[in-house]
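Enquirer: So the sequences go chain by chain: F and U. Numbering of the first sequence is given in this note's numbering, commencing with residue 578 and proceeding in unit increments. Numbering of the second sequence is given in this note's numbering, commencing with residue 578 and proceeding in unit increments. For each residue, glycine too, the CB sits at the ideal point set by N, CA and C. Bear in mind the structure is a predicted one, so any value in this text is a computation, not a measurement.
There are 2 protein chains.
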Amino acid sequence: MANQINAVSQWLERLSAVHRNLMRRFANEEGLQLVHVEIMQYLSVSNRYSDTTQAISEYLGQTKGSISQSLGLLEDQGFVKRTQDKIDKRIFHLSLTAKGSAVAHRMFASIDLEGAEELEPGLKTLLTSIQKKNGLRGFGTCISCRFNQNPGKNLFVCGLTKEKLTLEDTKKICKEHDEAASG
Amino acid sequence: MANQINAVSQWLERLSAVHRNLMRRFANEEGLQLVHVEIMQYLSVSNRYSDTTQAISEYLGQTKGSISQSLGLLEDQGFVKRTQDKIDKRIFHLSLTAKGSAVAHRMFASIDLEGAEELEPGLKTLLTSIQKKNGLRGFGTCISCRFNQNPGKNLFVCGLTKEKLTLEDTKKICKEHDEAASG
DNA sequence: TCAAATAGGTTTAGATTCGATACTATTTAA
DNA sequence: TTAAATAGTATCGAATCTAAACCTATTTGA
């Protein structure tokens, strides 16, 4: 048993290292730092509740001060723009400019995962389980979220914020994600 | 199709980030840096052809200068010891002391992957495929290596180095690993 | 045999990141 | 009205990372 678990841990470890290597290689080719690419990747898939300095900090597991610095650089270089929240003026929503969006696209294209499709359900389950067991935020999409309501075709409502969401909205990553009860 | 691949990439990205977060958290609890734990984890599973500064550098995707520095620290603190190769005196084999080994054990124990066993074959296949497509070193075990020969029960020979290997040897990670032809 | 090339490792210098702390501004709660 | 909590920024010191130069040992090749 223990051996079996260690084996999974081992491959996961390696997979994680390989993924980081590829990301770093891509970052270098673009003349960027690894963390900058990671931030842009995250912003390309995060929803309106999750596009803040704080959320990025929790996602990447680095302090918000460090992320704040990196965001300052990315903004100066025109990859990212900030928009102050209209209601809560402490919050700044971050989004990719066309330039930043192009980087994220190239990044996804550069990591070739052909043939890995069948792993998706397993990866997702493993991920949810690990996040939960270790007290990390959910970071999942609305599809599997217990707050998600679907009162009509292509009509969604977030039970937590009571806001309407489009189908596209529900495909993005949310920091408030909480797994639906199994069944 | 593209969407499906992006979804896998997305979960892989997140899994990689979560894994790194957990490793970093563990490192902090031990009063160590992330990279130090990663090095010890690697040394706990690498074989005699792969326990060098150079190999660690390729595994973790960082420069050998950087790894050399970290190894110096780990040696000073008694986690790692170096042994000069008897034949090629440029090479120093690295291994964990009892203190270092204990850290690696605690690390494996702290990452709870219960229920992930069934993912193992898929992860391994994905890993091999990614490494190959991106021109990265194999880093696998003898079991799936084309150089591995098995002339008798519990008797193994590496076709590349012509050396005898024990069953335990064949479970470790090798930087010369090359996938056996499929079939 | 001997010089040149290669390979494993270390060292150094400069840039960057990281974490901790302190600070501002805004919002929420009492 | 105040106190506490939240979102984010600024600053500083410590540590890491990369690139390049450097050292030594080994291999190559004429």
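#1: Could you give the first and the last residue of the continuous alpha helix (DSSP H) run that contains residue 716 of chain F?
#2: What are the residues of the stretch 619 to 637 of chain F that lie near chain U, defined by any Cβ-Cβ distance shorter than 8 Å?
#3: Is any beta-carbon of chain F found at less than 8 Å from that of residue 610 of chain U?
#4: Leaving out five residues before and five after residue 720 of chain F in sequence, what residues of the same chain have Cβ atoms less than 7 Å from its Cβ?
#5: Output needed for residue 763 of chain F: all residues of its chain with C-beta closer than 8 Å, excluding positions within five of it in sequence on either side, in chain order.
#6: Say whether the stretch 668 to 679 of chain U touches the stretch 640 to 655 of chain U, bearing in mind that this needs 3 or more beta-carbon pairs closer than 8 Å, one atom from each stretch.
#7: In the DSSP assignment, find the unbroken alpha helix (DSSP H) run with residue 646 of chain U in it and report its ends.
#8: Which of helix, strand or coil does DSSP assign to residue 658 of chain F?
#9: Return no unless some Cβ of chain U is closer than 8 Å to the Cβ of residue 745 of chain F.
#10: With a threshold of 8 Å, are at least 3 pairs of Cβ atoms found where one atom belongs to the stretch 680 to 691 of chain F and the other to the stretch 593 to 608 of chain F?
#11: Can you give the Cα-Cα distance for residue 627 of chain U and residue 755 of chain U, rounded to whole angstroms?
#12: Along chain U, in chain order, which residues have C-beta atoms closer than 7 Å to that of residue 584 of chain F?
#13: So for residue 682 of chain F, helix, strand or coil by DSSP?
#14: Give me the Cβ distance between residue 714 of chain U and residue 752 of chain U, rounded to the nearest whole Å; I'm assuming they're in contact under 8 Å.
#15: So does the stretch 621 to 639 of chain F actually touch the stretch 582 to 591 of chain F, counting three or more Cβ pairs closer than 8 Å?
#16: Buried or exposed: where does residue 745 of chain U fall if 16 or more other Cβ atoms within 10 Å of its Cβ makes it buried?
#17: DSSP three-state call for residue 668 of chain F: helix, strand or coil?
#18: Would you mind giving the Cβ-Cβ distance between residue 696 of chain F and residue 717 of chain U, rounded to the nearest angstrom? I have them listed as a contact below 8 Å.
#19: In this structure, does DSSP put residue 677 of chain U in helix, strand or coil?
#20: Identify the residues that DSSP records as bridge partners of residue 587 of chain U: which are they?
#21: Which residues of chain U have a Cβ atom closer than 8 Å to the Cβ of residue 606 of chain F, listed in chain order?
#22: Identify the contact partners of residue 701 of chain F in chain U, using a Cβ-Cβ distance below 8 Å as the criterion.
#23: Does residue 671 of chain U pass the burial test, meaning 16 or more other C-beta atoms within 10 Å, or should it be called exposed?
#24: Using a 10 Å radius around the Cβ and a threshold of 16 neighbouring Cβ atoms, would you call residue 633 of chain F buried or exposed?
#25: Are the beta-carbon atoms of residue 595 of chain U and residue 749 of chain U separated by less than 8 Å?
#26: Please name the residue or residues paired with residue 729 of chain F in a DSSP beta bridge.
Expert: Answer, in terms of the structure:
#1: Careful: residue 716 of chain F lies outside any alpha helix (DSSP H) and carries neither H nor E.
#2: Listed by position, the residues of the stretch 619 to 637 of chain F near chain U (Cβ gap below 8 Å) are 622, 636 and 637.
#3: Residue-level contact check: residue 610 of chain U does not touch chain F, since none of the beta carbons of chain F fall below 8 Å from its beta carbon.
#4: Hits under 7 Å: 747.
#5: This structure cannot speak to residue 763 of chain F, because chain F is shown only from 578 to 760.
#6: With three or more CB-CB distances shorter than 8 Å, the stretch 668 to 679 of chain U counts as touching the stretch 640 to 655 of chain U.
#7: That run of the alpha helix (DSSP H) goes 641 to 653.
#8: Under the three-state reduction of DSSP output, residue 658 of chain F falls in the strand class.
#9: The beta-carbon of residue 745 of chain F is placed no less than 8 Å from the nearest beta-carbon of chain U.
#10: Contact holds: three or more Cβ-Cβ distances are below 8 Å.
#11: One alpha carbon belongs to residue 627 of chain U, the other to residue 755 of chain U, and they sit about 14 Å apart.
#12: Here the neighbours are 697.
#13: In the structure shown, residue 682 of chain F falls within a helical segment according to DSSP collapsed to helix, strand and coil.
#14: Rounded, the Cβ-Cβ distance is 5 Å, consistent with contact.
#15: Between the stretch 621 to 639 of chain F and the stretch 582 to 591 of chain F there are fewer than three inter-stretch CB-CB distances shorter than 8 Å, so the stretches are not counted as touching.
#16: Of the residues assessed, residue 745 of chain U falls on the exposed side of the cut-off, its CB having fewer than 16 other CB atoms within 10 angstroms.
#17: Residue 668 of chain F: coil per DSSP, three-state reduction.
#18: Rounded, the Cβ-Cβ distance is 18 Å, inconsistent with contact.
#19: Of the three classes helix, strand and coil, the one that applies to residue 677 of chain U here is helix, per DSSP.
#20: For residue 587 of chain U, which the question treats as bridged, DSSP gives no partner whatsoever.
#21: Per Cβ cutoff of 8 Å: no residues; residue 606 of chain F is ~13 Å from chain U at best.
#22: Among the residues of chain U, those whose CB is under 8 Å from the CB of residue 701 of chain F are 588, following chain order.
#23: By the neighbour-count rule (16 or more Cβ atoms within 10 Å), residue 671 of chain U is buried.
#24: The residue in question, residue 633 of chain F, is buried, as its Cβ has 16 or more Cβ neighbours within 10 Å.
#25: No, they are not a contact pair.
#26: DSSP, once it has assigned bridges, lists F:732 as partnering residue 729 of chain F.
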